[in-house]
Every structure is written in C-alpha cells, then in structure tokens.
Amino acid sequence: MPNNTHNQKFSSYLIGVMVTFVAITLALIFGILYGILSQSISSDFHKKLHLDESDISIVLQTKTNLIDTQLRNLAFDNSIKVSLLLGMKQQVEEQLEKQYHPHNGIYFFVHEPSFNRFIPEIPEHLSNVSKCLKNLSNNNLSKKEFHQCHGKYISLYSIPIMQKDSILGMAFAVYVIAEDQEFWQKFEEKHDASLLHKNNDTIRDLKTNTHLKSVFSRRMLKNFNSIDDNELDSHLANRNSVFIPVRNFPGVVYAASNEPLYAKRRHLTLVFAGLGTVVIILSLLVASLIATRMSEPLRAMADQASAIAQDPSCSSINESRIKYQEFKTLARSFNTLLEDLTESQNSLKQHRDNLEELVAERTQELNASNIHLQQEITERAKTEEQLAIFKKFAELSTVGFRMAELNGTITYCNPAMVEMLDAVVTAELMGKNIRCFYDENELALLENEIIPVTLEQGQWTGEVNIKSISGRVIPTIQNSFIIYNNQNEPLYLANVITDIARLKALEEQLTQAQKLEAIGQLAGGVAHDFNNILTGILGYANLITMTTKPEETVYRSAQTIENAAKRARDLTQQLLGFARKGKFQIVTVDMNESIKEAVTLMARTVDKKVVMSSDLRATRPAILGDPGQIQQILINLSLNAQHAMPDGGELVFSTENVTLTSEYCKRHPGAIKGDFLVLSVSDTGCGMSKEIQQRIFEPFFTTKKQGEGTGMGLAMVYGIVRNHGGSISVYSEPGEGSVFKLYFPVAPAAKETARANTSEGIVSGSGTILIVDDEKFVREVACEMLQYIGYTVVSFSNAKEALEYYQEHADEIDLVLLDMVMPEINGKDCFDAMKKINPGVKAILSTGYGKDGKAQEILNNGASGYVQKPYMINQLSEEVARVIGV
1 MPNNTHNQKF SSYLIGVMVT FVAITLALIF GILYGILSQS ISSDFHKKLH
51 LDESDISIVL QTKTNLIDTQ LRNLAFDNSI KVSLLLGMKQ QVEEQLEKQY
101 HPHNGIYFFV HEPSFNRFIP EIPEHLSNVS KCLKNLSNNN LSKKEFHQCH
151 GKYISLYSIP IMQKDSILGM AFAVYVIAED QEFWQKFEEK HDASLLHKNN
201 DTIRDLKTNT HLKSVFSRRM LKNFNSIDDN ELDSHLANRN SVFIPVRNFP
251 GVVYAASNEP LYAKRRHLTL VFAGLGTVVI ILSLLVASLI ATRMSEPLRA
301 MADQASAIAQ DPSCSSINES RIKYQEFKTL ARSFNTLLED LTESQNSLKQ
351 HRDNLEELVA ERTQELNASN IHLQQEITER AKTEEQLAIF KKFAELSTVG
401 FRMAELNGTI TYCNPAMVEM LDAVVTAELM GKNIRCFYDE NELALLENEI
451 IPVTLEQGQW TGEVNIKSIS GRVIPTIQNS FIIYNNQNEP LYLANVITDI
501 ARLKALEEQL TQAQKLEAIG QLAGGVAHDF NNILTGILGY ANLITMTTKP
551 EETVYRSAQT IENAAKRARD LTQQLLGFAR KGKFQIVTVD MNESIKEAVT
601 LMARTVDKKV VMSSDLRATR PAILGDPGQI QQILINLSLN AQHAMPDGGE
651 LVFSTENVTL TSEYCKRHPG AIKGDFLVLS VSDTGCGMSK EIQQRIFEPF
701 FTTKKQGEGT GMGLAMVYGI VRNHGGSISV YSEPGEGSVF KLYFPVAPAA
751 KETARANTSE GIVSGSGTIL IVDDEKFVRE VACEMLQYIG YTVVSFSNAK
801 EALEYYQEHA DEIDLVLLDM VMPEINGKDC FDAMKKINPG VKAILSTGYG
851 KDGKAQEILN NGASGYVQKP YMINQLSEEV ARVIGV
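Following this line, the structure appears as structure tokens:
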C-alpha cells in the first residue's frame, strides 16, 4: 500500500504549516493573555469583596458605637438614677419605654439589686440571655459579649449606673442583628450576598436563621470552622461562594457568590475564541494564495523535467519559461547536474569491468566500520545507563554522598548531604574543601588515617564527627573509597556518610528507659501489694472509728492507725507514679497556681540564703494531671537545687507556652509535636558535667554524701513527667548552674476532667453485691463495709467460683466488686465472661494499680465504676450508690 505522505502536494503542505504555526502562536498568545486577564479579574473581584466586607464591618461597628453611646446616656440619665435611688420601679419602666424603647433589634434593660428583676421584663425569645445578664450584673462588669440565642447572633452590652462611688444598678443593651430591618434593607440594596455565623460546627444565615451545614463539603466545613477571626486577609471558597470573616465580629462571615467572576471569565473566553477563529480563517486564505503562487513555477519545471525523461536529446531546462529568480537558479543547478550526470555515466562505463572488486572492498571497509561503531555505541549506552542509575540512586538516597578531588575540593553532594550539613542549596558546598567540615581532633584523623588508608587500600570505614555549616557537630559513620579512571589512576575521593545522631540518642533513651522500667516494675509490684495490705488496715480502722465514740481509747487508736495508713497510701501513690502506673487524680492543674503554692510552702523550709522567685508567663497554664505528683516534682527539683547551692543563690520557677514543630521533634527524640506548657526550674549552683547529666535520672544515682539522699528524687521526677505524657531536658555547665525544662501537654479548653472524690458522706443502700478478690483480708473488710451500709454480700476468692455462682444467680446480683489482679482468671477475663452471661452486668473495678492500662481498657469496655485501693467506706459507698443508682 503506497505511503500517502509521498503523494502530498507541496501547496497543501505549505498551507498546513502556515496555519499550524498561526494556530500555535495564537494559542500561546491567547493563553498568556487569558491567564493575565483572568488573574486580574479574579484579583479585582476579591478586592471588591474585601471592600464590601470592610463596609459591612464599618456599618456594624457604627451600630455598636451607637448602642454603646445610647447605653452610656441611659447610665448617666439623672432621672433614671433618681428613680432607682427612690425605688420607683414604675417610673424607671416608663422612662425606658419613652426614651429607650426597642427598635431595630436593640433592647434596653435596667437591673437594680433590690428589684431582683429586669426592667422591662426580658422578652420570651431573649430568655436565654438572662443568665448572662445576671452574671454581668452580679459582677458589676462593663463589657461587650457575643452570644447565640435560639440560633440568632446577639451582642450584649453592660455598664454600671453609678451614684458617686456607689452602684445603683446595671444598664444593659441587647442587639439582635436578625431583627434590625434597617440594617438588612441597606445590606440587600448594596450587596448581593449573605451574612453567616459559625459557632462550633453550626453555621447559620444571620437574617433567616437557616442552618447551612449541608452546603459545605466535609473538607470545607473543617477549614471553615478553623477560620481565625483575626486573619482578615484570608478567605475560603468553595465552587459557588467566597467566605470572608467580618472584622471585629467573632464568628460573623461575609458570604458572596462566585457567579459574577465566572461570568466575566466566560465572556473573556468567548472573545478570545471569536478572535482566534477570525485570525485562523484569514491565515488560511493568505496561505492558499502564497502556496498557489509558489507552486506555478515548480509545476512548470516538473513538466520540462518530464519532457527530458521522455526525450533525452532535450538535455536542459529552458530557463526563460521560469518567472522567479530563485527558481531560475534551481533550473540552472539542475542543468549542471544533468551535465555532471552525463559525464558520470561515461566514467561508469570505463569502470564497469572492475566494479565488483571495488564494491567488495568498500563493503568490507563499511562492515568493519559498522562493527566498531556498534561496539562503541553499546559501551557508551551502558556507561550512560549506569551513570543515570547511580545519579538517581544518589539523589533519592537518605544517606549522604560526597565526591571530592584528591586535594579535597568538593565536586558533588547529594540532597541528603546538603541537608545534613545545614546548607540550603548544593552551591553552598561546591568548591569547599572537605577539611572545613572537621574539627581539630577529627582533622588529624582525616589526615593521618582516613585519606592515607583510603588511597592505599581503596577503602576506609569508621565513626567520625563532622561539622555542619552552622557549627553543629554530627556523629556519623563514614565509608570512604577511591573512584578510578580507565587507566586505573585515582580520580576522586568519595564518601558515603550516615548521620547516626538520632540513633545514638535513641540508644541512650532506650538504655535509660530499660533501667527505669526495671526499677519501675519492682516499685509498681511493691506498691500494688502494699495497697492490698493497706486496704485491710485502712478499712478496719475506718470501721472502728465509725462504730465507736470519739472519747473511747479504741477510737483514738483506730484514728491514729487510719492516719498512718493514709500516709502509707500517699507513699504508694508516689511509688506508682514513679513506676508510671497511672495518674491517680486526673484533674485540671493550673501550673502557675501550683508554683505559687509550692514557693509559699518551701519558703519555710528552704535555706534563707537561697532566694526564690517566679516568672509565670504562660497564658495557658492548665494541664491534666495529679496535683500531688505535680507538687512532688516541684519539691524534688527545689531540694535538688538547694543541694547545688550550699552557699546560697537564686532559684527561679518560670512557665511559658510553646509549640513543638516536626523539625524540633526530629532533633529531640521522645518529643511529641503539639502545644506544650514548659516549666523551667533554674538555679545558680555548682552545675553538672556531661557525665553526671547522663546519669541523673537513674534510680539510686546520687552525688550527695551517704545519708543525705537516696538517688530517687530525679528518677521520680522523670517517671511522673513521662506518665503525664511529657518530656524533660537538662542544660548545665560546671560552675554555671542548671536549668531543668519540663514539657507538659496543654489541657484542651473544653476538656472535662475527672475530679477527686473528697466527699466525706456515707451513702447507705440495699441490694446484693458479689465480691471477687483473691486477698482474704480485702474481701473481709469490703464485706463488712458493705454490710454496714445495708447491702447483702456474697464473696469468692477466685474468678472461677464467682463465675459459676453468677451463672446461676445473675438476676439476683445488683453489682460486682471485681479485683483486677487474680491468679488463673484475671479481672478483665472475668468481666468479659460475666458480660456474656449478662450483657447488662454492673461492675466496679478495684485495684492497687492506677486507673490506666488494663483498668482503663475494662472501663472502656463497659465497666461501670472504679475504686482505688486502699479505699475508705465513704469512697466505696458513694461509688456503689452511683453505679446502682441509689
């Protein structure tokens, strides 16, 4: 089948080329113009929207100022003051109705303590704001607040009514923007848009009170709810709308349609399409005219050439029949070619006899040349492929790769090497000598071992510290080797360098964690067993004090035993805190207040030569934790600082809020990204060496004299901080003092925390309770406590017997008091088995460990309550009553 491209006319080809060129040129020009104009249109559109938003903000601010002025006039109105002073409620109400009647969504109220009500009465649709107004009235606050009432956006204003230095009452103004018809009429005349209000996950139209959550995608809603009202230059947009926060009005958003922007873009597209079509049509006409003029002389030459082919006697083209000079030159060249061709034919006749010999000789030369060329191409392709693979591997590798000339001048660094040396771009390292990145000691190693051994043996591997551009010391494993040329001569010194700083830090952290885990296991086990023992001691002492009179000797003895047991319980809590077995009171702790209390407490015990001060700059000082353990941290760090300052000095407590970034966490293993409160405890004492710093958190390690310390203080601090989800760092130099920095996660603003049970009341009840505990004295004291407050008790020493009993009497059992740690079947498995028997089983967990780990897992799985051993009768009775529903 013939190839159609061989039959294509020159004129058609010329037209196609010209039209294609014009089309591509137009596409590029129109594309650039469209992009510029579209960006300009979009920019103007968004600038107009921001101007509209500013106009709305000014109007609302003007309205706010007007309300504030009217409220101040009311507060300073002498007739109102006199009526309040004389207790004339009716006159106050008449004056308000006459001068400050509700209009355009603005309501005015007066509250006087002796009336104990608002004048006039608050309308039903504003009933939700009465609590806020009463709170402001009780606190005599001049304030402006924003609220939602029945889904409507409401502004509250308050100011006290003063008579000299005494407060006669409070004046309030309530502005309901949805009811301001004057505002909405002007808004609709000037703006084709809406005003929205966001409150948590709720988004409503301020005028219609319509819930708009359905118009947002999940991603748009998440971004919308995260708008910072202070970021006035930012805006969100979905496919159809643009959303801009209204300045000075939290949660209010100006929402406008994107349709005008899209309409302008469509018009611009149509204009460019029309222009392009006209230009291409004109180009097609011009190309056709040029192609026709150019093809005429070529056609004439083709006709003469055909005549020559039919009659070889006509050995030349007649140049006089050709119009244009360029084609005449072509004809002249063609005639010359014909002459040369004739001469060549004659020469070929002469060489016809030895033609085969010449062809064979030439063929042999060409074959040899082709073979050599093919070999060279194959070798070059392999080399280029290997270089490409090597470069790609180096660029993607997370290990640093560096290549330098034999004199040390760097010629190549991969991205990992650039990042390792704290450079921004590769150009910062090119041309530098590798010796710049080694300190004095490591430079001697480089000169005396690394380079000589590499040149002699071809390779060297070992650990060496290098310096970054910023001066940071980086521990690395370095593999050096030589790259040779084709003559086997050394050409480059190459290094594969692995940063092992994080690996070393993790190794140290793992070693420390293993040490603490070992001693923690021991401390946790001792504390658990000790809590079981204390349950019996504290429980019976508690029962004795409740069944005897205070004047009896046995009462005083039992109370002494109870107090001693409580102190022992506090000690086991500290042991469990060190063992990281849970926080016993998960409450919101204000670190600033805890520091103030600790400073006040320690002022009586710390050496007077030590000056204590605080710098509490944290604006978000709340964390979730155990107040007792936090106080233990402050006391231990203070005693440690006092020991470091035998001749006196300064001890400073400070707080601040920081946000740990991903980059910080990479450089500090164990740190977690997020918002943290930093507690810093600094002293001007003797300081510590690096060797001591590496061991200060080890249990039983101490630098004090024998009998002055146990070595458990800082280990306890470390365990408590880690148990609170935080981390700790130390900076110290001999003779320069020390700084301990403790990082605690900031408590969420809306987080509800558990509170410690401090009630002293005993709640009686009735019902049947099943006790499962392997410790006999724990079962016995629990039985007596529950029987004392009115319950029927059945107890078992192991889960197997308890499950058999529960299988037959599940309907009779109102509550199960379940020990966590038991032989054969533990508390978790026992609870799971009881749930299979009765999915609605009510169970209270009892354990000597903290409320975490397995206990928390069972609580999450449906357990109804929890009591910490050792418990007292009031704690047990309240928890039982809560679960049963007394």
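First residue of the sequence shown? That's 1 in full-length UniProt numbering, and the numbers climb one at a time after it. Virtual Cβ for every residue (Gly too), placed ideally from N, Cα, C. Everything numeric in this text was worked out from a predicted model, so none of it was measured.
Alpha carbon to alpha carbon, how far is residue i from residue j?
i    : j    : result
N563 : T498 : 60 Å
T702 : K854 : 34 Å
L26  : L33  : 10 Å
T535 : K566 : 10 Å
L136 : R617 : 28 Å
S214 : I203 : Because the pLDDT at S214 is just 47, under 50, the model does not fix this residue reliably, and the point stays unresolved.
N433 : N495 : 13 Å
S11  : A291 : 5 Å
N230 : V252 : With a pLDDT of 45 at N230, under the threshold of 50, the modelled position of this residue cannot be trusted; read the value that follows with caution. Going by the C-alpha atoms only, they are around 12 Å apart.
R722 : E698 : 14 Å
F390 : G400 : 14 Å
Q868 : E879 : 11 Å
F393 : C413 : 13 Å
I500 : I474 : 8 Å
L366 : H372 : 10 Å
S194 : F183 : 13 Å
D180 : D55  : 17 Å
D773 : S795 : 8 Å
Whose CA, out of the options, lies closest to the CA of residue i?
i           : options                   : result
I106        : I80, I67, M88 and K81     : I67
I630        : V22, V717 and F740        : V717
L651        : I58, E698 and S738        : S738
A263        : F45, M612 and E93         : F45
F172        : K190, S166, K89 and P120  : P120
F87         : E804, N335, N116 and A193 : For the record, residue 87 in the displayed sequence is Gly; it is not Phe. Checked all of E804, N335, N116 and A193; the closest Cα to G87 is N116.
G674        : V746, M688, E93 and A501  : V746
N128        : K89, V176 and I161        : V176
N407        : F831, L637 and P490       : P490
F76         : M162, I15 and S557        : M162
A799        : V781, D819, L660 and A810 : D819
P297        : G274, T329 and S680       : T329
E780        : L803, E804, L817 and A810 : L817
S764        : S295, R882 and Q39        : R882
residue 896 : N258, V19, T69 and R402   : The requested residue 896 is not part of the displayed model; the chain covers only 1 to 886.
M170        : L445, S333 and K81        : K81
L196        : A256, D165 and P160       : A256
T64         : R299, V174 and I167       : V174
P748        : A782, T847, P621 and I692 : P621
Which same chain residues end up closer than 7 Å to residue i when comparing Cβ atoms and leaving out the 5 residues on each side of it in sequence?
i    : result
Y806 : L770, I813, M834 and I837
N486 : none
I537 : I561 and A565
T684 : M645, G649, E650 and G737
G276 : L26 and F30
G687 : S732, E733, P734, G735, E736, G737 and S738
So, for residue i: in the same chain, excluding its five sequence neighbours on each side, which residues have a beta-carbon less than 6 Å away from its beta-carbon?
i    : result
K9   : none
E775 : N532
Check the DSSP bridge columns for residue i and list the partner residues they point to.
i    : result
V739 : S682 and Y731
L51  : According to DSSP, L51 bridges with nothing at all.
D819 : S846
D205 : L196
R402 : C413 and N495
Give the C-beta separation of residue i and residue j to the nearest angstrom, bearing in mind that I take them to be a contact with Cβ-Cβ under 8 Å.
i    : j    : result
V633 : M602 : According to the sequence provided, residue 633 is Ile. The question's Val does not apply to it. With a Cβ gap of about 13 Å, I633 and M602 do not count as contacting.
L133 : F109 : 7 Å
L28  : F249 : So it is not a contact: roughly 47 Å between Cβ atoms.
T655 : L624 : That belief does not hold up - the Cβ atoms of T655 and L624 are roughly 16 Å apart, past 8 Å.
Q478 : G458 : The pair is not a contact, with the Cβ atoms about 15 Å apart (cut-off 8 Å).
H267 : D52  : The Cβ separation is near 22 Å, so there is no contact.
By Cβ distance below 8 Å, which residues in the same chain neighbour residue i in space, the five residues on each side in sequence not counted?
i    : result
R380 : none
I873 : G539, N542, L543, M546, I762, M785, Y788 and I789
With a threshold of 8 Å between beta-carbons, can residue i be considered close to chain C, or not?
i    : result
L196 : Annotation note: the requested chain C is absent from the structure, which comprises a single protein chain.
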